[in-house]
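The sequence shown begins at 19 in our numbering and counts up by one.
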Amino acid sequence: MSRVQYNSAEAWLMTRIGACPTTSLGWFRAGVGFYNKREFNFAIECFQKSINLDPENYNAYQIMARACIAVHRRDDAIAALKQSVKLDNPSDWQLLIELTSQDNADSSASPSNNNTTRTTTTAPGTAMAGGSTSSSSTIFE
């Protein structure tokens with residue numbers, strides 16, 4: 019049995035559910051649903067629609083950044099995190115610092131000879147110290 023391919027979250031929603039969200043919160047929750055199903059590109063699309071309706075929804079920026087990391091869109095993740103902290107969301111400072119400091123770390127030390135504690139994002143809003151390999155998404159190495 020072949021799997022149907024959808025070119026957008028909106029197409030998926032219209033085909034599977036017969037409707038699309040009309041509010042920022044609706045698009046945000048749809049984005050979380052796609053994120054949890056590991057459909058990161060659809061999640062990003064939903065979070066962007068949520069932000070378009072409510073530019074101060076820092077939660078959408080926060081999880082959109084993590085979805086961007088999952089699909090190797092580091093610059094987009096950094097931009098989303100910057101917007102999130104600009105909107106006074108303190109929980110994104112850690113990941114923002116980790117992503118923006120990697121350029122310096124990449125040129126000065128490899129992970130094998132780095133003695134500092136590394137933090138890996140495991141889920142929206144949570145982190146695990148020590149660089150465990152059991153995380154569901156990793157920061158670019």
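Idealized CB from N, CA, C, for every residue including glycine.
Just so you know, these numbers come straight off a predicted model, no measurement behind them.
Contacts around residue i, its chain only, beta-carbon distance under 6 Å, and the 5 residues preceding and following it disregarded
i	result
Ala127	Unreliable placement is indicated for Ala127, whose pLDDT of 48 sits below 50; the coordinate value is still reported in the next sentence. None.
Trp30	Tyr24
Residue i beta carbon near the ligand COA (any heavy atom closer than 7 Å)
i	result
Thr41	This structure lacks the ligand COA, and indeed carries no ligand of any kind.
Residue closest to residue i, alpha-carbon to alpha-carbon, out of the options
i	options	result
Ile69	Thr40, Val89, Arg92 and Ile35	Thr40
Leu71	Ala85, Phe46 and Asp94	Phe46
Gln101	Gln66, Val89, Gln120 and Ser119	Gln66
Asn59	Ile35, Ala95, Asn75 and Met32	Ala95
Ile62	Cys38, Gly49 and Lys55	Gly49
Arg56	Ser42, Ile87 and Glu28	Ile87
Arg34	Val22, Leu43, Ser42 and Gly44	Val22
Arg162	Leu105, Tyr76 and Leu117	Lying outside 19 to 159, the shown extent of the chain, residue 162 is not represented and no answer is given.
Ala98	Asn54, Gly51 and Tyr76	Tyr76
Reduced DSSP category for residue i - H, G, I as helix; E, B as strand; rest coil
i	result
Asn59	helix
Gln66	helix
Cys38	coil
Leu105	coil
Glu28	helix
Val89	coil
Asn77	helix
Asp72	coil
Gln120	helix
Val50	helix
Gln112	helix
Own chain residues within Cβ distance below 7 Å of residue i, not counting five before or after
i	result
Leu43	none
Glu74	Leu105
Val89	Phe58 and Asn59
Chain-order list of residues whose beta-carbon lies under 8 Å from that of residue i (same chain, five-residue window excluded)
i	result
Ser26	Phe60 and Glu63
Q) Are three or more beta carbon pairs between the segment 63 to 81 and the segment 105 to 112 nearer than 8 Å? A) Segment contact: the segment 63 to 81 against the segment 105 to 112, three or more CB-CB distances shorter than 8 Å; contact assigned.
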